[in-house]
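One structure is given below, encoded as structure tokens.
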Amino acid sequence: MKHGWFRVSISGMMILSLLTGYASSTEIKPAVQQAVNSPEPVSTDGSQPVVQNRKEREMVLLFQALLQMDRKEGLSISNEQAAALLPLIRNSRDQGNLTADQQKQALEFLNVDQQAFYNDLAIKMKDSMNRGAGKNFDHLTQEERDKLIEQFKNRRNHPPPAASSRGEGEGPSGQGFGKSMEQQLVDLLESKVKL
Numbered sequence: 001m002k003h004g005w006f007r008v009s010i011s012g013m014m015i016l017s018l019l020t021g022y023a024s025s026t027e028i029k030p031a032v033q034q035a036v037n038s039p040e041p042v043s044t045d046g047s048q049p050v051v052q053n054r055k056e057r058e059m060v061l062l063f064q065a066l067l068q069m070d071r072k073e074g075l076s077i078s079n080e081q082a083a084a085l086l087p088l089i090r091n092s093r094d095q096g097n098l099t100a101d102q103q104k105q106a107l108e109f110l111n112v113d114q115q116a117f118y119n120d121l122a123i124k125m126k127d128s129m130n131r132g133a134g135k136n137f138d139h140l141t142q143e144e145r146d147k148l149i150e151q152f153k154n155r156r157n158h159p160p161p162a163a164s165s166r167g168e169g170e171g172p173s174g175q176g177f178g179k180s181m182e183q184q185l186v187d188l189l190e191s192k193v194k195l
């Protein structure tokens, strides 16, 4: 139990790292919404802040799912959905988390196939977190643990610079590598609303 907070923090770091990459090409499977409704991680000794709480994870999951589904045939976000989602996404981004009501409202704007995609991604994230929570980080010193947490926070707050051979902030698909996931989603929704 002494190292439980650290395992939760490392799991959160691994999930965020997985989410910032491109989606793997897997088939959509039916899923249930309750996969992401896990309790918030709590530091047992109070000495370390929790890196990512449940509301932050749910926001990351929703934002990543929306970005990924828009790239998939038959799941792209319509102009009407973008107009409805944009104020909600901006508000969540500004707050830094996603409330249960905001999550429910956002999911109501999605069609059945999009909701299935979201639910599938939620289950994959939870499975990934569970696998990551089983890793043993007991061999790390407190200094090494603190360094890992600080590196994670820095990566989260300072995205990597864009490659110079491409347009500013653009990856191979034109998506912004130099932009935060939140900004990429807002830009995507704004571009659809302007059409």
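Sequential numbering of the sequence shown, starting at 1, is according to this note's numbering.
Here a beta-carbon is modelled for each residue, glycine too, at the ideal position from N, C-alpha and C.
Distance between beta carbons of residue j and residue i, contact taken as under 8 Å
| i | j | result |
| --- | --- | --- |
| E58 | G96 | Wrong, their Cβ atoms sit about 12 Å apart, outside the cutoff. |
| Q81 | F109 | 5 Å |
| Q114 | L75 | 6 Å |
| Q64 | M181 | 6 Å |
Pair within 8 Å by beta-carbon distance, residue i and residue j
| i | j | result |
| --- | --- | --- |
| L185 | L67 | yes |
| K194 | I77 | no |
Limits of the unbroken alpha helix (DSSP H) element including residue i
| i | result |
| --- | --- |
| K104 | A100 to E108 |
| K194 | M181 to K194 |
| N225 | An answer regarding residue 225 cannot be provided, because it is not within the stretch 1 to 195 covered by the chain. |
| K72 | Note, K72: premise wrong, no alpha helix (DSSP H); not H, not E. |
CA-to-CA distance, residue j to residue i, given in whole angstroms
| i | j | result |
| --- | --- | --- |
| F152 | L61 | 17 Å |
| L203 | Q103 | The structure shown does not extend to residue 203, since the chain is modelled only from 1 through 195, so no value can be given for it. |
| R131 | L121 | 15 Å |
| E150 | N53 | 16 Å |
| L107 | M69 | 13 Å |
| E190 | D146 | 38 Å |
| R90 | L188 | 12 Å |
| K124 | E143 | 31 Å |
| N111 | S92 | 21 Å |
| T99 | N154 | 25 Å |
| K179 | M129 | 25 Å |
| D127 | N119 | 12 Å |
| R71 | Q183 | 16 Å |
| D101 | T141 | 40 Å |
| D94 | N79 | 22 Å |
| A83 | E73 | 20 Å |
Proximity test, Cβ basis, 8 Å: residue i and chain E
| i | result |
| --- | --- |
| E56 | Structure shown: chain E not included; a single protein chain is present. |
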